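The structure appears right after this line, and notes come after that.
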Amino acid sequence: MSPDIFIKATPIVLQGLQLTLIITICSFVLGQILALPLGLARQANSPLLRWPAATYTFLIRGSPLLVQLFIIYYGLGQIPAVRNSILWPILREPLYCGIIAIALNSAAYMAEVVAGALKRVPKGQTEACISLGISRRHRFTDVLLPQVYRELLPNIGNEIILVLKSSSLASAITIMEITGVARAFTARTFAPFEVFITAGILYLAIGFAFTFLFRLLERRYGITGTRTPAPEASA
Amino acid sequence: MIKVRNLVKYYGPTKVLDGISLDVEKGERIVLCGPSGSGKSTLVRCINGLEQRSAGDIEIAGHVLKADCSNVLDLGGDVGMVFQQFNLFPHMNVLDNLTLAMRRVRRAPRSEAEAQAMAMLERMQLGARAKAYPRELSGGQQQRVAIARALCMKPKVMLFDEPTSALDPEMVQEVLDVMTALSREGLTMIVVTHEMGFARNVADRIVFMDGGVILEEAAPDAFFDHPQHNRTREFLRQIGPRTH
Ligand SMILES: Nc1ncnc2c1ncn2[C@@H]1O[C@H](COP(=O)(O)OP(=O)(O)O)[C@@H](O)[C@H]1O
Ligand SMILES: [Mg+2]
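In the order they appear, the protein sequences are chains V and R.
Quick note on full-length UniProt numbering: the first sequence kicks off at 1 and runs consecutively.
Quick note on full-length UniProt numbering: the second sequence kicks off at 1 and runs consecutively.
What follows is the structure, encoded as structure tokens:
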């Protein structure tokens, strides 16, 4: 193990940082957006909503992300209908395929979590809304979902770390994010240990930054929406 | 104001309400009592459409409630409900708890809703707590906020389901005082409670339920001094120590 390889590896590995951040943040945001309708469908009364959502999460969670990445990047391109569709400019690009695959994956996991949290909101909240005449839509937007997302802040912070780690798989479809550049560099230097240690430290640092950010959010919007500890009640 | 006809409610195979008929006039104050499990909560929840009924007709505050409760939102705050567990919105401060339905259902502008809510809080002596979150309040304060939240919708009827049962004993009175004050303002009320002192003071009529039927209804004096049924006498004896 030699220190100058570490020093040489650092700028190389940092070249992948931008793509890693792009993949992580885009997949995470897209995943969160998709998770909401999926989660709502997952606990809906109508089986017409529930079953497709359940099938989706079963398929996605039951198979490896790497396989899903290959299916989307290599597999879809073999279907002429896909090649002729307006989506082809997107599905031709490895970066977009990586983002889509990781987002679809993250959405499936988050959907289950959102559905579970929705079920845990006490029934009395819904009953209070009904007795006040609050419409279904506002019941969700103003009462149920704000409580769900406050409760889920720690889970969401955890999810972005999982997405960050998943993003390393994008190197398998030619994307030169951190892991991708690290692999290319070891092929030239034959110093895998130093290079991948450097990459690992970089992942840890990014993860630490995300964790810190979510801690701040949690402190601001914590579970019951209070920022101060409960003072002794007085009229 | 409220008209219930032959209300029947099953939970699975169990008949919980067995042909309830009840009329409540405008401004009338009803106390509903009876042993635990006699169907008081179920009756109240059927009346405001939180629970679907198996048979019977319900008309309340000028709305004919459909059997599947599909038009329950049409009641739109005309029928206020106060729950044993308060059911405040934990992520909103007291003021937002009060203004949400005014703004979303009554479509009041925020400033107007907040002015009205503040006036209501002052009346409940909670003005200083407008920015507090529910969990920062005592149980008695939370229940008073819940009452204020329902009142902000200017309901024609208020239903209370054991509003003081979840409270520490020293907080029961502050909630009963608020309810007593309301009763003096001519609001139509149905109150499920075991507080027989309150019942005697406030009720125009006491309705006694047992086993899913109304066994007896009478003015308070007649009810307490000359109960007609053995079950009523037994009930009064059991809860007697709590009467005053
Ligand atoms: N959701 C429910 N499912 C099944 N049985 C219920 C449900 N809610 C209430 N019951 C039953 O209905 C009966 C009446 O309950 P309830 O109306 O809560 O009585 P009370 O309020 O007078 O104590 C009880 O025997 C209770 O066990
Ligand atoms: Mg009850």
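Just so it is clear, CB atoms sit at the ideal spot from N, CA and C, and this is done for glycine as well.
Predicted model only: the values in this text are computed from it and were never measured.
Exercise for the section: Classify Pro13/R as buried or exposed, calling it buried when 16 or more other Cβ atoms lie within 10 Å of its own Cβ. Expected result: By the 10 Å Cβ count, Pro13/R comes out exposed.
Exercise for the section: With a floor of 3 residues, list each beta strand (DSSP E) that falls wholly inside the segment 167-202 of chain R, ordered by position along the chain. Expected result: Counting whole runs of 3 or more residues, the segment 167-202 of chain R contains the beta strand (DSSP E) stretches 188-192.
Practice task
Give a yes or no on whether the minimum CB-CB distance between Pro52/V and chain R is below 7 Å.
Solution key: Against chain R, the CB of Pro52/V has no partner CB under 7 Å away; the residue lies outside that interface.
Handout entry: Reference Val143/V, options Val145/R, His91/R, Gln116/R and Arg106/R, closest by Cα
Key = Ranked by how close their Cα comes to the Cα of Val143/V, the residues Val145/R, His91/R, Gln116/R and Arg106/R have His91/R in first place.
Exercise for the section: Measuring only between beta-carbons, confirm whether Glu194/V sits less than 7 Å from chain R. Expected result: With 7 Å as the cut-off, Glu194/V does not count as an interface residue toward chain R.
Practice task
Verify the CB distance criterion: does His91/R have a CB-CB separation below 7 Å to chain V?
Solution key: It does: the Cβ of His91/R has a partner Cβ on chain V nearer than 7 Å.
Practice task
Indicate, with yes or no, if ligand 4 has a heavy atom lying under 6 Å from the CB of Ser41/R.
Solution key: Looking at this structure, you won't find ligand 4 anywhere; what it does contain is ligand 1 and ligand 2.
Exercise for the section: Determine whether the Cβ of Ala117/R lies closer than 7 Å to any Cβ atom of chain V. Expected result: Any Cβ of chain V closer than 7 Å to the Cβ of Ala117/R would place that residue at the interface, and such an atom is absent.
Practice task
Let me know the secondary structure DSSP gives Lys165/V once reduced to three states.
Solution key: Reduced to three states, the DSSP call for Lys165/V is helix.
Practice task
For Pro146/V, return the contacting residues in chain R, with the cut-off set at a CB-CB distance below 9 Å.
Solution key: Within 9 Å of the CB of Pro146/V, the CB atoms of chain R belong to Phe89, His91 and Met92, in sequence order along the chain.
Exercise for the section: Less than 8 Å between the CB atoms is what I'm expecting for Glu170/R and Thr193/R, so what's the real figure, rounded? Expected result: So it is not a contact: roughly 17 Å between Cβ atoms.
Exercise for the section: Kindly identify the DSSP beta-bridge partner or partners of Asp74/R. Expected result: Answer is none; Asp74/R lacks a bridge partner.
Problem - Status (buried if at least 16 other CB within 10 Å, exposed otherwise) for Gly225/V - result: Here the model assigns Gly225/V a pLDDT of 45, short of 50, so the residue's position is not dependable, and the following value carries that caveat. Gly225/V should be labelled buried.
Handout entry: Partner residues on chain R for Gln125/V, Cβ-Cβ distance less than 8 Å
Key = Among the residues of chain R, those whose CB is under 8 Å from the CB of Gln125/V are Asn87 and Phe89, following chain order.
Exercise for the section: Taking Phe6/V as the reference, give the member of Ala53/V, Ala108/V, Leu202/V and Ala172/V with the closest Cα. Expected result: Residue Leu202/V is the option with its Cα nearest to Phe6/V.
Handout entry: Enclosing beta strand (DSSP E) for Asn97/R [first to last residue]
Key = No beta strand (DSSP E) holds Asn97/R; the alpha helix (DSSP H) holding it covers Val94 to Arg104.
Handout entry: Straight-line Cα distance separating Gly157/V from Arg150/V
Key = Rounded to whole angstroms, Arg150/V to Gly157/V spans 12 Å at the Cα level.
Problem - Cβ shell of Thr141/V (< 8 Å), same chain only, five flanking positions each side left out - result: The answer is none, since no qualifying residue turns up.
Handout entry: Residue burial classification, Ser234/V (beta-carbon count within 10 angstroms, cutoff 16)
Key = The predicted model places Ser234/V with a pLDDT of 40, which falls under 50 and marks its position as unreliable, so this point remains unresolved.
Exercise for the section: Answer yes or no: does any C-beta atom of chain V fall closer than 7 Å to that of Arg103/R? Expected result: For Arg103/R, not one C-beta of chain V is nearer than 7 Å to its own C-beta.
Problem - Helix, strand or coil at Phe208/R according to DSSP, with G and I counted as helix - result: Reduced to three states, the DSSP call for Phe208/R is strand.
Handout entry: Coil, strand or helix - Ile30/R by DSSP
Key = In this structure, Ile30/R counts as strand in the three-state DSSP scheme.
Practice task
State yes or no: is the beta carbon of Val72/R nearer than 7 Å to at least one beta carbon in chain V?
Solution key: Taking 7 Å as the threshold, the shortest C-beta distance from Val72/R to chain V falls below it.
Practice task
Assign Pro154/V to one of two classes, buried (16 or more other C-beta atoms within 10 Å of its C-beta) or exposed (fewer than that).
Solution key: The Cβ neighbour count for Pro154/V, taken over all protein chains shown within 10 Å, is under 16; the residue is labelled exposed.
Practice task
Would you list the one or two residues that DSSP bridges to Leu17/R?
Solution key: Its beta-bridge partners are Lys9/R.
Practice task
Give a yes or no on whether the minimum CB-CB distance between Met81/R and chain V is below 7 Å.
Solution key: Residue contact with chain V for Met81/R: present (Cβ-Cβ distance below 7 Å to some residue of chain V).
Problem - Cβ shell of Arg227/V (< 6 Å), same chain only, five flanking positions each side left out - result: Confidence in Arg227/V is poor, its pLDDT being 42 and thus under 50, which makes the residue's placement too unreliable to answer from.
Practice task
With a threshold of 6 Å, establish whether the CB of Ser38/R neighbours any heavy atom of ligand 1.
Solution key: Indeed, a heavy atom of ligand 1 lies less than 6 Å from the Cβ.
Problem - Buried versus exposed call for Thr55/V [16 or more other C-beta atoms within 10 Å across all chains shown] - result: By the 10 Å Cβ count, Thr55/V comes out exposed.
Practice task
Starting from the beta carbon of Met153/R, find every residue of chain V whose beta carbon is closer than 8 Å, and list them in chain order.
Solution key: Under the 8 Å cutoff, chain V gives Leu132 and Gly133.
Practice task
Enumerate in chain order the residues of its own chain whose CB-to-CB distance from Lys3/R is below 6 Å, with the five nearest sequence positions on each side excluded.
Solution key: Excluding sequence positions up to five before and after Lys3/R, its CB lies within less than 6 Å of the CB of Asp23 and Glu59, all in the same chain and listed in chain order.
Practice task
Enumerate in chain order the residues of its own chain whose CB-to-CB distance from Gly182/R is below 8 Å, with the five nearest sequence positions on each side excluded.
Solution key: It should be pointed out that residue 182/R corresponds to Leu in this sequence rather than to Gly. Around Leu182/R, the same chain offers Ile147, Leu151, Met158 and Met189 as residues with beta carbons nearer than 8 Å, after the five sequence neighbours per side are excluded.
Handout entry: Where the beta strand (DSSP E) containing Met120/R begins and where it ends
Key = Element bounds for Met120/R: not the beta strand (DSSP E) but the alpha helix (DSSP H), Arg110 to Arg123.
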